[in-house]
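Quick notes on the structure that follows.
Number of protein chains: 2
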Amino acid sequence: MSTDAVGVVAASTAAAGVAAAGAVAAGAAGMALPVARIAPRPVPPARSARVTEILQAALRLLEDEGAQSLTMRRLGEVLGIRAPSLYKHLPGKPAVETALIETALWEIGDVLHRVVDASGPDDVVGRLLAEYRRYALGRPNLYRLTAVDPLGRTDLTPGLEDWSGEPFYRATGEPYLAQALWAAAHGTVLLELAGRFLPGSDLDRTWAALARAFTVR
Amino acid sequence: MSTDAVGVVAASTAAAGVAAAGAVAAGAAGMALPVARIAPRPVPPARSARVTEILQAALRLLEDEGAQSLTMRRLGEVLGIRAPSLYKHLPGKPAVETALIETALWEIGDVLHRVVDASGPDDVVGRLLAEYRRYALGRPNLYRLTAVDPLGRTDLTPGLEDWSGEPFYRATGEPYLAQALWAAAHGTVLLELAGRFLPGSDLDRTWAALARAFTVR
DNA sequence: AGGCGTTGGCTAACAACGTTAGCTCCGGTG
DNA sequence: CACCGGAGCTAACGTTGTTAGCCAACGCCT
Numbered sequence: 573m574s575t576d577a578v579g580v581v582a583a584s585t586a587a588a589g590v591a592a593a594g595a596v597a598a599g600a601a602g603m604a605l606p607v608a609r610i611a612p613r614p615v616p617p618a619r620s621a622r623v624t625e626i627l628q629a630a631l632r633l634l635e636d637e638g639a640q641s642l643t644m645r646r647l648g649e650v651l652g653i654r655a656p657s658l659y660k661h662l663p664g665k666p667a668v669e670t671a672l673i674e675t676a677l678w679e680i681g682d683v684l685h686r687v688v689d690a691s692g693p694d695d696v697v698g699r700l701l702a703e704y705r706r707y708a709l710g711r712p713n714l715y716r717l718t719a720v721d722p723l724g725r726t727d728l729t730p731g732l733e734d735w736s737g738e739p740f741y742r743a744t745g746e747p748y749l750a751q752a753l754w755a756a757a758h759g760t761v762l763l764e765l766a767g768r769f770l771p772g773s774d775l776d777r778t779w780a781a782l783a784r785a786f787t788v789r
Numbered sequence: 573m574s575t576d577a578v579g580v581v582a583a584s585t586a587a588a589g590v591a592a593a594g595a596v597a598a599g600a601a602g603m604a605l606p607v608a609r610i611a612p613r614p615v616p617p618a619r620s621a622r623v624t625e626i627l628q629a630a631l632r633l634l635e636d637e638g639a640q641s642l643t644m645r646r647l648g649e650v651l652g653i654r655a656p657s658l659y660k661h662l663p664g665k666p667a668v669e670t671a672l673i674e675t676a677l678w679e680i681g682d683v684l685h686r687v688v689d690a691s692g693p694d695d696v697v698g699r700l701l702a703e704y705r706r707y708a709l710g711r712p713n714l715y716r717l718t719a720v721d722p723l724g725r726t727d728l729t730p731g732l733e734d735w736s737g738e739p740f741y742r743a744t745g746e747p748y749l750a751q752a753l754w755a756a757a758h759g760t761v762l763l764e765l766a767g768r769f770l771p772g773s774d775l776d777r778t779w780a781a782l783a784r785a786f787t788v789r
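Respectively, the protein sequence lines represent chains A and B. Sequence positions in the first sequence follow our numbering and run 573 to 789. Sequence positions in the second sequence follow our numbering and run 573 to 789.
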């Protein structure tokens with residue numbers, strides 16, 4: 573995995589195009605897909621160099637050794653310091669997790685917006701799902717982290733989750749269909765990551781069936 | 573909540589009708605829905621009276637006080653014994669969780685098979701999803717428990733997960749579409765339980781959009 | 001009736017976890 | 001030169017899952 577993902581996210585600026593708000597009210601019927609970007613990309617919070625280092629280490633630790641290895645002591649260890657010293661930089665473990673979740677949301681948002689930009693009405697849904705799947709499979713433990721708890725919305729960068737989910741709206745042109753598609757992708761990824769589909773299943777076909785269901789016919 | 577769910581599950585026998593296996597190979601085109609039951613209902617493992625008591629208490633504890641309250645000490649407390657004594661009956665906490673997950677799978681399977689039995693080709697998908705949602709919302713913490721970890725398949729009653737997922741096949745008539753529908757329902761429930769849809773969303777409409785996507789048109 | 005093994009409780013304890021309190025050292029600034 | 005804040009440290013607390021070892025009660029077999 574790319575170990576400097578946190579740094580990349582913190583550095584990238586990605587001017588998000590803001591589209592005419594009229595597109596929102598247009599409804600689904602006969603609308604051109606994909607819809608243009610609307611929500612502005614939220615600005616990542618400023619972080620000290622040391623904090624960035626810590627989060628990089630945490631991400632690497634999480635992906636390399638699994639969620640149960642992401643402990644404050646182990647995190648300190650890979651950084652060459654003791655666990656209590658981490659509290660000089662971060663308020664606690666939930667803050668580490670929240671920061672990692674934000675990383676995931678930023679990466680997912682960037683990746684999905686980009687693929688929607690590059691797609692036409694016929695293949696948006698399929699390509700969106702493929703990219704969603706590809707991302708989650710590439711960072712399985714990080715993705716799962718985003719799914720565990722009610723996600724302390726409070727200390728999440730405002731607008732981040734909306735912006736990162738917007739590609740689903742852009743792909744469907746209808747907010748509720750967008751939510752359904754997002755949820756479907758989320759569930760399919762989780763089951764695939766957990767290895768819970770019937771053994772021997774050709775998961776490509778499962779994803780294809782999903783794409784077909786959500787493709788306007 | 574019904575506190576004796578574990579007992580109910582352990583007691584119920586529910587002779588599952590076994591259908592002609594030919595239906596499996598029939599494919600999706602022009603097939604009558606819903607498909608008949610195929611997989612036999614697995615037989616619940618025999619449990620001592622005390623173990624059943626413990627699992628009932630665990631389920632009640634989980635639903636009443638949340639997952640973070642389901643600790644061995646707290647579980648012992650509500651039973652009037654000390655935590656180590658639990659190990660005279662169960663090998664550890666994972667065993668408690670696995671047993672609860674099995675409870676959920678049995679209940680879900682029963683509920684979904686029943687609703688598919690009572691549905692016609694036009695309304696199967698919608699009613700199946702509605703029932704899935706209703707169950708999960710009624711036992712939120714239990715449902716979440718089934719989603720957390722890779723689900724130690726080893727010590728799960730053989731065939732249980734397949735049988736409990738079969739209603740999705742019965743509703744769609746095609747295995748991969750069934751997997752996609754199951755995954756979509758799973759994801760939507762998880763996001764709803766986690767409160768992660770946009771605030772103010774009318775979730776009924778999200779579920780309706782999902783049902784529409786999976787309804788053969 | 002008497003020994004005896006199994007069942008099911010107990011306490012004490014361990015390792016690992018997140019976290020807090022309080023000390024120290026070191027580098028920059030007045 | 002004084003000092004002050006940043007960033008490390010150790011010690012410790014409370015919780016968690018879990019193990020070891022002890023003991024009382026009950027059923028059973030001779």
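Glycine is no exception: its CB is placed at the ideal position from the N, C-alpha and C atoms.
Leaving aside the five residues before and after residue i along the sequence, list all residues of the same chain whose C-beta is less than 7 Å from its C-beta, in chain order.
i        : result
A:GLU703 : VAL683, LEU684 and VAL687
B:ARG645 : ALA655
A:GLU764 : LEU775
B:LEU658 : ILE626, MET644, LEU647 and GLY648
A:ASN713 : LEU634, GLU635, GLY638 and ALA639
A:ALA757 : LEU701 and TYR704
A:TYR715 : ALA676, ALA708, VAL761 and LEU765
A:VAL650 : ALA629 and LEU633
A:SER773 : none
A:ALA739 : The sequence given here places Pro at residue 739 of chain A; Ala does not occur at that position. Around A:PRO739: LEU684, HIS685, VAL688 and LEU700.
A:ASP727 : THR670
DSSP on residue i, reduced to helix/strand/coil?
i        : result
B:PRO712 : helix
A:ARG619 : coil
A:MET603 : coil
B:VAL788 : coil
A:ASP734 : helix
B:GLY648 : helix
A:ALA611 : coil
A:ARG632 : helix
B:SER773 : coil
A:ALA757 : helix
A:ARG742 : helix
B:THR778 : helix
B:TYR748 : helix
A:ALA766 : coil
A:THR624 : helix
A:LEU642 : coil
Tell me, to the nearest whole angstrom, how far the beta carbon of residue i is from that of residue j; I am working on the premise that it is less than 8 Å.
i        : j        : result
A:SER641 : A:LEU633 : 6 Å
A:LEU717 : A:ILE680 : Going by Cβ atoms, the distance from A:LEU717 to A:ILE680 rounds to 13 Å, so no, they are not a contact pair.
A:TRP754 : A:LEU701 : That pair is no contact at about 10 Å.
A:THR787 : A:VAL697 : 5 Å
B:ASP721 : A:LEU770 : Not really, about 19 Å apart at Cβ, beyond 8 Å.
A:ALA785 : B:ALA785 : 5 Å
So, for residue i: in the same chain, excluding its five sequence neighbours on each side, which residues have a beta-carbon less than 6 Å away from its beta-carbon?
i        : result
B:LEU732 : PRO614 and LEU677
B:ARG699 : VAL687 and SER691
B:PRO693 : LEU605
For residue i, which residues in the same chain have their Cβ closer than 8 Å to its Cβ, ignoring the five residues on either side in sequence?
i        : result
A:HIS661 : SER620, ARG622, VAL623 and ILE626
A:GLY767 : none
B:ALA719 : HIS758 and LEU762
B:LEU782 : LEU701, ALA756, ALA757 and THR760
Counting Cβ pairs, one atom from each stretch, are 3 or more of them under 8 Å apart for the region 600–620 of chain B and the region 731–745 of chain B?
-> Note that the region 600–620 of chain B touches the region 731–745 of chain B; at least 3 beta-carbon pairs, one per stretch, sit closer than 8 Å.
Are three or more beta carbon pairs between the region 748–763 of chain A and the region 662–676 of chain A nearer than 8 Å?
-> No, they do not touch.
Length at least 3, wholly inside the region 662–731 of chain B: the beta strand (DSSP E) runs in chain order | None, since the region 662–731 of chain B contains no complete beta strand (DSSP E) of that length.
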